[in-house]
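Here is the structure we will look at.
In full-length UniProt numbering, the protein residues as written are 1 to 479.
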């Protein structure tokens with residue numbers, strides 16, 4: 001997942017970053033294995049056969065690439081910020097399948113740490129494995145982060161191929177300091193590779209002509225933190241900036257002036273708050289006009305002849321906020337906060353939302369850098385604060401170091417957090433009561449019916465289900 005539309009943006013802007021052939025010798029071949037499980041599960045729903053097919057894929061990759069080391073990493077329990085995103089995605093998937101009338105004989109939510117299927121898969125790989133490095137679903141952490149933990153001590157010039165190509169992997173690779181990483185994407189039988197070294201070279205060449213940062217490490221990390229403003233798995237993108245409408249190029253230019261006046265956005269592993277303030281202040285300067293322009297386009301947008309209902313869901317189900325803003329543009333911030341956050345605008349309420357969003361930027365940087373962090377933090381809202389409110393908060397408050405007071409949850413807790421009621425069969429018998437019994441105090445966390453927020457979205461997969469707020473204390477009590 002990661003930053004929406006990021007891969008498409010990179011491949012259309014930089015000519016030489018996609019290659020079709022690798023160097024002859026590969027030192028390390030690493031598999032972000034959940035990216036293999038899902039497409040294979042779409043073809044085979046018998047669990048025993050699926051597991052065998054997955055093992056055969058591992059052997060196939062080893063035969064093709066013949067690496068010195070082969071690493072297999074399956075997603076374990078994730079930080080709560082990622083769990084929150086997984087929860088939304090599972091509810092959206094159920095909703096999408098419902099309106100598209102998709103019927104599956106096997107519940108793909110079984111591809112989650114703590115289920116019987118994942119335990120069987122772990123056991124099968126462990127039993128048959130004598131030569132590969134393996135981290136299963138019982139080991140904490142997302143697959144891509146576990147991969148980088150394995151390779152961080154390797155020589156920086158080793159040739160590393162990682163099977164997986166989402167935005168998180170691109171950012172992790174850029175930050176890693178390794179010189180020869182190739183990210184592999186397999187689509188309908190065609191294999192392509194993103195050459196991270198070529199991408200890094202292209203970024204440094206472009207940004208050094210604009211940003212006054214001499215140190216390449218600080219340059220790349222400033223770029224990666226800047227990209228967080230465009231959204232990722234942990235925080236939504238800022239309202240008036242979106243990659244698919246030129247938001248990243250615009251943000252690079254905004255950041256140019258902020259860096260010129262205040263220094264690198266990241267320097268010596270620290271985010272420069274003065275630079276961050278100026279970035280959001282500049283974004284806020286055009287926010288009113290940008291939002292009105294976006295709203296007018298959204299109002300006028302008509303459904304197209306899509307194959308699936310979900311592909312035009314947001315267009316056919318326009319958010320009430322669109323029409324409120326359209327009829328009274330000067331009060332757009334009032335309608336935005338009232339309709340989407342259920343609050344009236346005041347400095348206290350917007351400060352809380354802004355603080356959480358800013359904390360998400362700092363948290364994301366620490367996560368990518370593998371620094372210590374609070375694994376129970378998450379952004380509790382579906383939409384961001386306005387750039388104006390973020391700017392005002394940063395001007396009035398000093399951002400301190402992120403607290404380090406929360407550890408990973410257990411697999412059982414993660415399942416209770418991410419699974420809809422329709423996947424109750426994946427939960428152990430002793431936990432089912434929490435989803436069904438009112439006296440257990442958690443039944444309200446598993447709604448059968450829920451609304452979908454569509455504001456500024458196109459496809460259903462971009463939308464946000466409105467779900468009860470996670471009660472981490474209740475979940476933890478039942479682990």
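Note that CB positions come from ideal geometry on N, CA and C, so glycine has one too.
Predicted model, so just to flag it, every value in this text is computed and none were measured.
How big is the Cα-Cα spacing for residue i and residue j?
i: residue 178; j: residue 158; result: 8 Å
i: residue 375; j: residue 322; result: 35 Å
i: residue 292; j: residue 326; result: 8 Å
i: residue 33; j: residue 77; result: 14 Å
i: residue 53; j: residue 43; result: 10 Å
i: residue 289; j: residue 81; result: 32 Å
i: residue 466; j: residue 127; result: 42 Å
i: residue 148; j: residue 29; result: 12 Å
i: residue 170; j: residue 23; result: 20 Å
i: residue 122; j: residue 16; result: 38 Å
i: residue 273; j: residue 366; result: 15 Å
i: residue 426; j: residue 110; result: 6 Å
i: residue 70; j: residue 173; result: 18 Å
i: residue 483; j: residue 86; result: Beyond the ends of the chain as shown, which are 1 and 479, falls residue 483; an answer cannot be given.
i: residue 102; j: residue 96; result: 8 Å
i: residue 259; j: residue 277; result: 11 Å
i: residue 79; j: residue 99; result: 31 Å
i: residue 482; j: residue 56; result: No information on residue 482 is available, as it lies outside the stretch 1 to 479 that the chain covers here.
i: residue 154; j: residue 107; result: 38 Å
i: residue 373; j: residue 406; result: 8 Å
i: residue 392; j: residue 381; result: 19 Å
i: residue 397; j: residue 48; result: 56 Å
i: residue 145; j: residue 412; result: 21 Å
i: residue 439; j: residue 296; result: 48 Å
i: residue 388; j: residue 350; result: 10 Å
i: residue 331; j: residue 221; result: 37 Å
i: residue 400; j: residue 394; result: 11 Å
i: residue 83; j: residue 214; result: 37 Å
i: residue 116; j: residue 45; result: 15 Å
i: residue 162; j: residue 139; result: 19 Å
i: residue 181; j: residue 265; result: 25 Å
i: residue 377; j: residue 357; result: 11 Å
i: residue 410; j: residue 269; result: 30 Å
i: residue 130; j: residue 437; result: 45 Å
Tell whether a beta-carbon distance below 8 Å holds between residue i and residue j.
i: residue 421; j: residue 442; result: no
i: residue 113; j: residue 135; result: no
i: residue 460; j: residue 314; result: yes
i: residue 482; j: residue 233; result: In this structure the chain extends from 1 to 479, so residue 482 is not present and cannot be described.
i: residue 156; j: residue 218; result: no
i: residue 262; j: residue 245; result: no
i: residue 355; j: residue 345; result: no
i: residue 432; j: residue 424; result: yes
i: residue 36; j: residue 67; result: no
i: residue 445; j: residue 476; result: no
i: residue 190; j: residue 18; result: no
i: residue 468; j: residue 237; result: no
What three-state label does DSSP hand residue i in the structure shown?
i: residue 456; result: coil
i: residue 32; result: strand
i: residue 134; result: strand
i: residue 442; result: coil
i: residue 268; result: coil
i: residue 159; result: coil
i: residue 381; result: coil
i: residue 365; result: helix
i: residue 409; result: coil
i: residue 43; result: helix
i: residue 77; result: coil
i: residue 195; result: strand
Since residue i and residue j are thought to touch, with beta carbons under 8 Å apart, how far apart are those beta carbons, to the nearest angstrom?
i: residue 142; j: residue 75; result: 5 Å
i: residue 124; j: residue 72; result: Not confirmed; about 12 Å, so no contact.
i: residue 362; j: residue 299; result: Contact doesn't hold; Cβ gap of about 36 Å is too wide.
i: residue 492; j: residue 50; result: Lying outside 1 to 479, the shown extent of the chain, residue 492 is not represented and no answer is given.
i: residue 235; j: residue 255; result: So it is not a contact: roughly 17 Å between Cβ atoms.
i: residue 230; j: residue 241; result: 6 Å
i: residue 175; j: residue 369; result: 6 Å
i: residue 383; j: residue 340; result: 5 Å
i: residue 353; j: residue 385; result: 4 Å
i: residue 303; j: residue 320; result: Actually they are not in contact, since the Cβ atoms of residue 303 and residue 320 sit about 18 Å apart, beyond 8 Å.
i: residue 456; j: residue 347; result: No, residue 456 and residue 347 are not in contact; Cβ-Cβ is about 25 Å, not under 8 Å.
i: residue 243; j: residue 6; result: 6 Å
Is any heavy atom in the ligand HEM found nearer than 7 Å to the beta carbon of residue i?
i: residue 77; result: Among the components of this structure there are no ligands whatsoever, and the ligand HEM is therefore not found.
Between residue i and chain B, is there a C-beta pair that is closer than 8 Å?
i: residue 36; result: Although the question refers to chain B, the structure presented lacks it and comprises just one protein chain.
*Mind the definition here: the segment 447 to 461 touches the segment 89 to 98 only if three or more C-beta pairs lie below 8 Å; say whether that holds.*
yes
_I'd like to know if the segment 278 to 288 and the segment 239 to 259 are in contact, where contact means that at least 3 CB-CB pairs between them fall below 8 Å._
yes
*Three-pair Cβ contact test at 8 Å for the segment 216 to 226 versus the segment 354 to 369*: yes
*Does the segment 201 to 214 come within contact of the segment 63 to 70, defined as at least 3 CB pairs closer than 8 Å?*
no
*asked:* For the structure I just gave you, are there three or more beta carbon pairs, one from the segment 407 to 419 and one from the segment 184 to 204, closer than 8 Å?
replied: no
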